[in-house]
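Residue numbers (the working numbering): 401 to 600.
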């Protein structure tokens with residue numbers, strides 16, 4: 401039977417899915433297919449991002465429904481307010497790639513804490529889709545690279561390793577924290593303190 405730890409992991413996953421969903425909605429609002437073309441990207445990349453965004457919307461919907469049905473009304477965390485640094489299409493692609501890679505590592509790191517088998521299977525099925533998103537965006541993100549003031553196409557494998565790296569709750573929230581302005585609930589894990597460099 402589902403336990404309190406399962407609720408923690410489900411809301412952790414939902415917090416990340418809310419973030420991804422909001423990111424792709426903002427991208428679709430702020431950047432047109434023409435913006436992608438002018439920036440040197442195939443306009444179909446925007447269409448692909450819209451499809452990924454629809455997947456993230458579905459993840460939010462399903463996770464919310466599972467949480468509410470299993471643990472009671474009001475148990476699912478709502479979305480936060482976000483702050484995405486989207487000043488260019490290149491930044492959009494880089495942030496999307498980073499978010500999806502983080503999502504894969506987050507699910508990989510959290511699955512061991514899930515007790516209920518049905519919830520564990522659901523989490524694994526989302527993780528594999530996040531992996532596909534990450535592979536697509538890795539390929540796109542390395543498509544255009546500046547070398548010696550020239551834009552060149554990099555030939556980098558979108559699936560660079562035989563294993564993904566699981567990340568714990570604190571590292572994941574530390575990666576996500578710069579994109580979160582504020583939440584209507586207390587984050588269950590605090591991110592690592594931000595680092596600052598100073599000259600002696």
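Yeah, the Cβ is synthetic: ideal placement off N, Cα and C, and Gly gets one too.
(request) Could you spell out the range, first to last residue, of the beta strand (DSSP E) harbouring residue 582? (result) 580-582
(message) Looking only at its chain, what residues have a beta carbon closer than 8 Å to the beta carbon of residue 573, apart from the 5 residues adjacent to it on each side?
(response) If we look at residue 573 and ignore the five residues flanking it on each side, its Cβ neighbours are 587, 589, 590, 591.
(request) Go ahead and pull the three-state DSSP assignment for residue 590. (result) coil
(message) Measuring only the C-alpha atoms, how far is residue 585 from residue 468?
(response) 17 Å
(request) Name the one or two DSSP bridge partners that residue 341 has. (result) For residue 341 there is no data in the structure shown, the boundaries of the chain being 401 and 600.
(request) Report yes or no: do three or more beta-carbon pairs, one from the stretch 499-517 and one from the stretch 532-543, lie closer than 8 Å? (result) yes
(message) Quick check: what's the CA-CA separation for residue 447 versus residue 456?
(response) 14 Å
(message) My output table needs one value for residue 536: the three-state DSSP class, helix, strand or coil.
(response) helix
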